Every structure is written in structure tokens, then in C-alpha cells.
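So the structure is just underneath, and the comments pick up after that.
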Amino acid sequence: MWRLGLAQTRAGWRRLIAAGTAVALGALFVATIMLTSGVFRSAALATARASMYGADFELTTVRAIAHESDLEDLEHATGHYIRNTLGGGLLHEDRRSAVELTTQPPPSFSVQPLLDGTRAAGPEEVVISETLAQRLRVEVGESVEVLTLSWDEVTFESILVPSGRHLTVSGISAGSEGEMWGLFEAYLTPEGLAGAPGEHTVDMLYTSQIYLTTDEPAAMADELATTGWVSSSLGATEKAEGVFQQYTGMTNPITTLSVLFSIIALAVAGLVVGNTLQVLVTQRATLIGILRSVGATRGQIRSAVVLEATVIGAVGGLAGTALAHSLVTLALEVLNRTSTGASWQLPGEFRPLTFVVPVAVAIAVTVVSSVLPARAASRVRPLAAVRRFTSPRVRPSPIAYLLGVLLLLLGLTTTLVALAVRSTFGWMMEVDTSALLVLGALGVGIFGVGLLTISPIFFPWIATAVGT
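416 is the number that our numbering gives to position 427 of the sequence shown; each next residue is one higher, with no gaps.
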């Protein structure tokens, strides 16, 4: 049976290559989605840990004020960082900037590396980022004045006013991702933050978050659930999952479009395979009739067609999966070289499912598509061996060509309009612009359908291979 199936595969190889290419494209979409999912998951975990200063848990308190005594009683905590914050600003000469004054993390927590100077050691010292230092035009050792929040008596808007308190810049650190949105932080000691206008003691400072490190995350989570002063706790993995779902969940338009394109690609691949096998079964009617005459059963003929589809699915799936891994790796390499943000990379551990699932899906699609052709082949009678078969040749009508040209123009116009609106007015739109993304993708799809419709004009060899 294997020999029979492979012998039939050698016949009509051009059509089979076209069918295998369609299957490879479907497998490529599936593998790409799985690979990019792993990339986003790794990036989400790295982003979550960076935003948590490398801690394992992020807490908020019921009373918005944390005390050292509460944290020291936690049995499974190996370290803690009470993040106290105070809104305000910094002034140097005639340059000012809004800043969130924050208690600096302990040395055991991950922070932006120091580029110059040292950590704040006293209440009159502050550490700022390189971007903020350039904005204020200040260097290590120079003084900055603290600005406090106040209200304009006429407009009732919040304003920053000089407080008369000066701090010495003890260090300059690397910038954070939040600075691209104008969110600057300045790190002080708890005593330094307590000395700000309006504050009195360290115990009265507002606590935005508490970060904990632990060697036993499960036990730490159970212990936090029994405390009375914790209003919410979030682990690094849970926070990463939230970020991951935000950018890759089904509510995200990019994910929705990717899954939709994968389904369409697999459906088209199934139709191409089914059409190819149906045409080949018709062309092989004489050969099948001879095989039936010499004793081949219907089950053997049916199995031969299914085997042929399995070969198409396996080869196309492997080719598409290999191409997906190569393209994703190349894209990440280019992205890491051209961007200055976080590093994007595939997960370090080997994920066999990224190879197995696309190939299995490709084989399943081709096998399902071969059911009807296999059934038709099994019904060929031995009498077909004496009949002469002539392959029909059908040329598309002028109406089909006209429809293809109209689809090309419509798809191109739709895509260009979506891109023009997004580039011209996207920054002014207060609503989500994902509708423009969907419109552009729809235009690309319409253009592709039109291109396939008129393909016999420009690509006669492709039209001959695929079949009419």
C-alpha cells in the first residue's frame, strides 16, 4: 500500500507541489502564532519582574501606610521594599520637571544601574535618571530644589511651587521605560522623603506598593492571605499573565487577526488539497480501474488516496514550520538590533509543541480534505480501465477577469485609505484605532482574492499546476 500511494504521488507532481505550498503556508501561520506567543510570554514576565524591582510579590495595604513591624513578622519573606511616594517636582536654575519622589529600593532589589555617583546615603541626597538629569541640566554634586504640589486660587488647577528645600544629586542612573511617557522618578532615603514639606515622620509616608522576595512563593501566598493588613497581593507570574493577556488575548485585534488568517489559510489549504486530489483521482481513473481489475479492494484504493494526502500534509507542515522558525528568529534579530527597548527572544527551553502542533494540524487538514476524493476513488469500477480520459481545460471568462481587476482596485484602495487615515489622523483619534487595522487587513485580503482571480493571465504555469 505504501508503494501504491507513493507511486500515485509521483504522478501529477506539479499539482501536488501547489497543494503542499498551500499547506505549508497554513502551517507557517500556526507555528508563527505559537512562537510569538512564547516570545510575548517571556517579554511579559521580564517586564513584570522589572516593574516589581525583581520581587516575587507586589502588595497593597488596607490603610495605605505600611509599617516595618508588619513586614518583619512575615515568616516566609526574605526581603521587602516599602515603596513610599510623594508627588512633586525638581528645579535646577530655570529648568523644572514634574517628578514622583520615591524611597529608593534596598540594594538587594533590582533597580536601574548607576551611571555616575552613588546611592542616596543621607536625607539631603537624591538619585535621578540620566534623562531627567539632561532635562534639568544637572550633574552629580549639584543641587536641585524640591517643588511641592499646590493649587491655583483662580483656576483651581494643580501647580508646582518652590519649597525652599534643596537636595544634592548623589547619583545618576539609567532611564526606565516609563520615561518615554514623561513619568520620572527621583529616589531618596525614607528619612529624606519624610523631610519633604507636609510630611513629618517615616511612619506617616504614603505607601503605594510593597514588594517582597521569598524562596517559597506558595507558602508566601498562603501567609499573605491570612494577614489583616494586605488588601491585595499579586505574584510576578500573575502580573506577567495579565500583561501577556493584554497584548495577546483574543480581545487584542492583532491576535484576533492572526488567528483569523490562520483559519483562513488552513481552510484554503484544505480546499486546494481536496480539489487537487479530486482532479488527480479523475485523471487516474484508468489506473485505478486497472488496479481494481487485478484485485485491489476499495479499502486499499481509499487508503492510497489518504496516504497521499498524509504525505502532502507532513511535507508541507514540516516545511512551513521550519520556515516559521527561521522567519521569527530573523525578525527578532532585526528587532533587537534596531530597537533600544527590551530584548525580544524566544524562550530558552525547547518547546516541542511548536514543531508537533503545526505539523499535526497540517496532516489533519489534508486527511480531512481527502475524505471525499478517497471515497470517489474507491467507487471507480474496473470498467474504467478501458475508457480514455481527457483532461478538461477551462479558461476563465472575461467577466471573471473583470471581477478580478475590480477586486484588485477595491482591495488596494481600501488598504491605502486605512493607512492614510492611520498615519494622518491616528494621533488625533481618542478611540482605539484597531478598526483601521481590520480595514487594512480586509483590503489586503480582497487584493489577494483579486490577484488569484486574474492569475491565469500573469502566471499560466501556476494556473496549470493548481488546476482550474
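Even for Gly, the Cβ is constructed at its ideal location relative to N, Cα and C.
Quick caveat: nothing in here was measured; it's all calculated off a predicted structure.
| query | result |
| --- | --- |
| Coil, strand or helix - Glu419 by DSSP | Any reading at Glu419 needs caution, since the residue's pLDDT is 42, under 50, leaving its predicted position unreliable; the model's value is listed next. In this structure, Glu419 counts as coil in the three-state DSSP scheme. |
| DSSP bridge partner residues for Val158 (one or two, in chain order) | Val115 |
| Leu462 to Glu168 span [Cα, whole Å] | Residue 462 lies beyond the residue range present for the chain, which begins at -10 and ends at 457; the question has no answer from this structure. |
| 8 Å Cβ cutoff met for Val12 and Ala311 | no |
| Pro102, buried or exposed, once every other Cβ within 10 Å from all chains shown has been counted against 16 | exposed |
| Thr10 versus Val348: straight-line alpha-carbon distance, rounded | 13 Å |
| Identity of the residue in Val19, Arg38, Leu14 and Leu24 nearest Glu230 by Cα | Arg38 |
| Segment limits, alpha helix (DSSP H) that includes Arg126 | It is not in any alpha helix (DSSP H) - Arg126 carries neither H nor E in the DSSP assignment. |
| Rounded C-alpha distance that separates Ser31 from Tyr200 | 21 Å |
| Best match in Val346, Arg326, Glu119 and Thr144 for proximity to Pro160 [C-alpha to C-alpha] | For clarity, residue 160 is Gly in the given sequence; the question names Pro instead. Measuring from the Cα of Gly160, the nearest candidate turns out to be Glu119. |
| Per-residue DSSP class, three states only, for Ser97 | coil |
| Contacting residues, own chain, Cβ-Cβ under 7 Å from Pro94 (five flanking each side not counted) | Tyr42, Tyr70 and Val100 |
| Distance, Leu104 Cα to Ala7 Cα | 58 Å |
| 8 Å Cβ cutoff met for Ala53 and Thr196 | yes |
| Endpoints, the alpha helix (DSSP H) within which Leu361 is located | Val360 to Ser367 |
| C-beta atoms of Thr203 and Ala66 nearer than 8 Å | yes |
| Phe436 classed as buried or exposed, judged by whether at least 16 other C-beta atoms fall within 10 angstroms | buried |
| Where Asp83 falls, given that 16 or more other Cβ within 10 Å makes a residue buried | exposed |
| Beta-carbon spacing of Ala109, Val115 below 8 Å | yes |
| Through-space distance from Ser221 to Glu57, alpha-carbon basis | 18 Å |
| C-beta neighbour in chain C for Ala66, strict 8 Å | As a matter of chain content, chain C is missing from the structure shown, which is built from one protein chain. |
| Beta-carbon separation (whole angstroms), Leu90 vs Leu182, contact threshold 8 Å | 6 Å |
| Cβ-based burial, Ala208 [other Cβ within 10 Å; buried from 16] | exposed |
| C-beta atoms of Leu396 and Gly439 nearer than 8 Å | yes |
| Proximity winner among Leu213, Gly78, Leu172 and Thr107, relative to Leu459 (alpha-carbon distances) | No answer is possible for residue 459: the residues shown for the chain start at -10 and end at 457. |
| Close beta carbons around Glu227, own chain, < 7 Å, minus the five adjacent residues each side | none |
| Whole-angstrom C-beta distance between Ala225 and Asp45, which should lie under 8 Å | 6 Å |
| First through last residue of the beta strand (DSSP E) which encompasses Asp105 | Leu103 to Gly106 |
| Ile252 versus Thr265: straight-line alpha-carbon distance, rounded | 20 Å |
| Assigned exposure category for Pro362 - 16 Cβ within 10 Å defines buried | buried |
| Beta-carbon separation (whole angstroms), Val356 vs Ala298, contact threshold 8 Å | 6 Å |
| Inside the segment 36 to 61 only - beta strand (DSSP E) runs reaching at least 3 residues | 46 to 50 |
| Bridge partner(s) assigned by DSSP for His314 | Beta-bridge pairing links His314 to no other residue. |
| Exposure of Val455, with buried meaning 16 or more beta-carbon neighbours within 10 Å | With a pLDDT of 45 at Val455, under the threshold of 50, the modelled position of this residue cannot be trusted, and the question is left open. |
| Nearest-angstrom Cβ-Cβ length linking His155 and Val127, presumed shorter than 8 Å | In fact, because the Cβ distance is near 12 Å, the residues do not count as touching under 8 Å. |
| Short Cβ contact (8 Å threshold) for Gly15 with Val354 | yes |
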